[in-house]
Structure formats: structure tokens, C-alpha cells
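> This is the structure I have questions about; it appears just below.
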Amino acid sequence: LAKTTQPISMDSYEGQEVNITCSHNNIATNDYITWYQQFPSQGPRFIIQGYKTKVTNEVASLFIPADRKSSTLSLPRVSLSDTAVYYCLVGELRRQLTFGSGTQLTVLP
Amino acid sequence: DTGVSQDPRHKITKRGQNVTFRCDPISEHNRLYWYRQTLGQGPEFLTYFQNEAQLEKSRLLSDRFSAERPKGSFSTLEIQRTEQGDSAMYLCASSPLGRGNEKLFFGSGTQLSVL
């Protein structure tokens, strides 16, 4: 199973762009990269998923370099409500998926 | 709302008692997962069902834990002879069958406190 490494915490100010990078050096050929967001006392919520290059949806962008050994979640113009823990997950759902400790993002006014 | 539903939201029990949690997945989802999460940590995989078949179980899972998914619909997670170390949030998630790139849809969890 691909192990992931993320920063433990990050601070940002409202309106700024936030980039959270995840390292996954032993990613397998069939593995997808998925990011989840979690607020206190709630289950994680899907944000975005990608396999290679760049993916963009209405809330975030995901950048994946050619070697796929890392990925960067980009949140444009964050607000206070984006304060949460963000998890990077690598693997297929047919196998056990391990969440790391995630990145606590704190958005300041 | 047709999301993943978990019951109860909170459970307080005394050490040594048995507890059972229920999860109702999104109706068309074939896969169902149980995770456990303690404060400051990410969710830890416990077990996984595809329809009614339990296909994976964490090696770390004590034999006091058992899960079922009769008829491939709702699932129950039972913890026998609870210990204080079992105190955690128990999360259920479901996903549709696919090629491995499916999303996990989580419920709000059951917070267990063992006194």
C-alpha cells in the first residue's frame, strides 16, 4: 500500500490560494490519488481525484507530476469555512486504504 | 437525504459491555467499509464488504470486533467486552462498484465512549 506524507498543519488567510502537497513515492501503476476534507465530528468528504496531470472541479485543482510520486491540492481563495483536515489517499478501493494523519488547514481572517 | 446513515450518533457504555452500531449505505452502493478514528488521527481501516461478502479485515482488528452485512444492504458492527481503548469515532462509508477509482461516501459516524 502506498504510504503518504503530508505537512501536519498549514495556516493561511482568507482570500489566499492554498497548496497542500502529498508525497507518495511508492505509488502503484493502478493507484488513483484522492483528497478528502474532514470537519470535526463529521466523516471525510470527497474533494477531488486524479490519476495524472491536472484535474479541476468547482472547489479545487489537483496537480500530479509525470512521475506521480507527489500531488498538490490547490484551494483557490480560501475562506474561514475551509478550515478543516485534508487527507491525501492513494490506492484502489478494492484494497485497504489507509488515511494518514492529514493536514490541518487553518484559515485566518 | 440519501447519504450514508449511521446509528446511534453517540454511545456511552461501561467497560465490558457489548455495543452494536448500524450503518445504512447509499442504496445503490455495493461496497461498504468500516473505519475507526481517534482524536488527531486519520481514519483507520477496519473491514470491507462487497455486497454481503466480507472481503477484507484489518489484521489489527481484535476478535472482539465483528461485522455483518446481511443481504448486502445495511451493516452492523459489534464490539464485545468493550475496553476503554475502544473509545473512538466509528465511521461507515460506501462506494459503488467500479475500476478502483470510486469515491468513498462517509456517514457522520458513531462516537463511542467506554467508561
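Protein chains in written order, with my numbering: chain V, -19 to 89; chain H, 115 to 229.
For every residue, glycine included, the Cβ atom is placed at its ideal position computed from N, Cα and C.
None of these values were measured; they are calculated from a predicted model.
What's the call for V39 (chain V), buried or exposed, on a 16-neighbour Cβ count within 10 Å?
Result: exposed.
> If you drop the 5 nearest sequence neighbours on each side, which residues of the same chain put their C-beta closer than 7 Å to that of P122 (chain H)?
Here the set comprises T224.
> Let's see if you can read the secondary structure: which residues bound the beta strand (DSSP E) around H124 (chain H)?
Start and end: H124 to T127.
> Between the C-alpha atoms of R173 (chain H) and Y147 (chain H), what's the straight-line distance to the nearest angstrom?
Their backbone Cα atoms lie some 15 Å apart in a straight line.
> Return the residue from the list V:N6, V:Q18 and V:L60 that minimises the CA-CA distance to S51 (chain V).
For S51 (chain V), the nearest C-alpha among the options comes from V:N6.
> Pull the bridge partners of I140 (chain H) from the DSSP assignment, please.
I140 (chain H) is not bridged to any residue.
> Which whole-angstrom value describes the C-beta separation of L53 (chain V) and T14 (chain V), a residue pair presumed to lie in contact below a C-beta threshold of 8 Å?
Not a contact, Cβ separation roughly 10 Å.
> Buried or exposed for T86 (chain V), going by 16 or more other Cβ atoms inside 10 Å?
By the 10 Å Cβ count, T86 (chain V) comes out exposed.
> Can you confirm whether the region 180 to 188 of chain H touches the region 163 to 170 of chain H when touching is taken to mean that 3 or more C-beta pairs between the two stretches lie within less than 8 Å?
Taking 8 Å as the limit for Cβ pairs, the verdict is that the region 180 to 188 of chain H does touch the region 163 to 170 of chain H.
> Compute the beta-carbon to beta-carbon distance between G80 (chain V) and Q22 (chain V), rounded to the nearest angstrom, for a pair I have assumed lies under 8 Å.
So it is not a contact: roughly 18 Å between Cβ atoms.
> Looking only at its own chain, which residues have a Cβ that is under 7 Å from the Cβ of Q164 (chain H), when we skip the five neighbours before and after it?
Closer than 7 Å at the Cβ level, and outside the excluded window around Q164 (chain H), lie N144 and R145.
> Taking 8 Å as the threshold (C-beta atoms), are D(-9) (chain V) and L77 (chain V) in contact?
No. Outside cutoff.
> Give the residues from the region 217 to 229 of chain H that approach chain V closer than 9 Å (Cβ to any Cβ), ordered along the chain.
So the list reads K217, L218, F219, F220, G221, S222, G223 and Q225, given in the order they occur along the chain.
> If the criterion is Cβ atoms closer than 8 Å, does the pair G221 (chain H) and C137 (chain H) meet it?
Their beta carbons are under 8 Å apart, which means G221 (chain H) touches C137 (chain H) by this criterion.
> For my contact list, I126 (chain H) and L191 (chain H) are in at a C-beta cut-off of 8 Å; report their separation, rounded to the angstrom.
Incorrect: roughly 17 Å between the Cβ atoms, too far for contact.
> Which chain H residues sit within Cβ distance under 7 Å of Y67 (chain V)?
Within chain H, the residues near Y67 (chain V) are G156.
> Which one of V:F26, V:I44 and V:P24 has the shortest CA to CA distance from K32 (chain V)?
Answer by Cα proximity: V:I44.
> Go ahead and pull the three-state DSSP assignment for S3 (chain V).
S3 (chain V): strand per DSSP, three-state reduction.
> Considering E182 (chain H), what are the terminal residues of the beta strand (DSSP E) in which it resides?
E182 (chain H) -> beta strand (DSSP E) spans F179 to E182.
> Against chain H, with Cβ distances strictly below 8 Å, would S(-11) (chain V) count as a contact?
So no, S(-11) (chain V) is outside the interface.
> Can you round the beta-carbon distance between I28 (chain V) and V35 (chain V) to whole angstroms, since I take them to be within the 8 Å contact cut?
With 8 Å as the limit, I28 (chain V) and V35 (chain V) qualify as a contact, their Cβ atoms being about 6 Å apart.
> At a CB-CB cut-off below 7 Å, which residues of chain H make contact with Q17 (chain V)?
None at all; the shortest Cβ gap to chain H is about 11 Å.
> When the Cα atoms are used, what is the spatial distance from Y12 (chain V) to G30 (chain V)?
In a straight line, the C-alpha of Y12 (chain V) is about 6 Å away from that of G30 (chain V).
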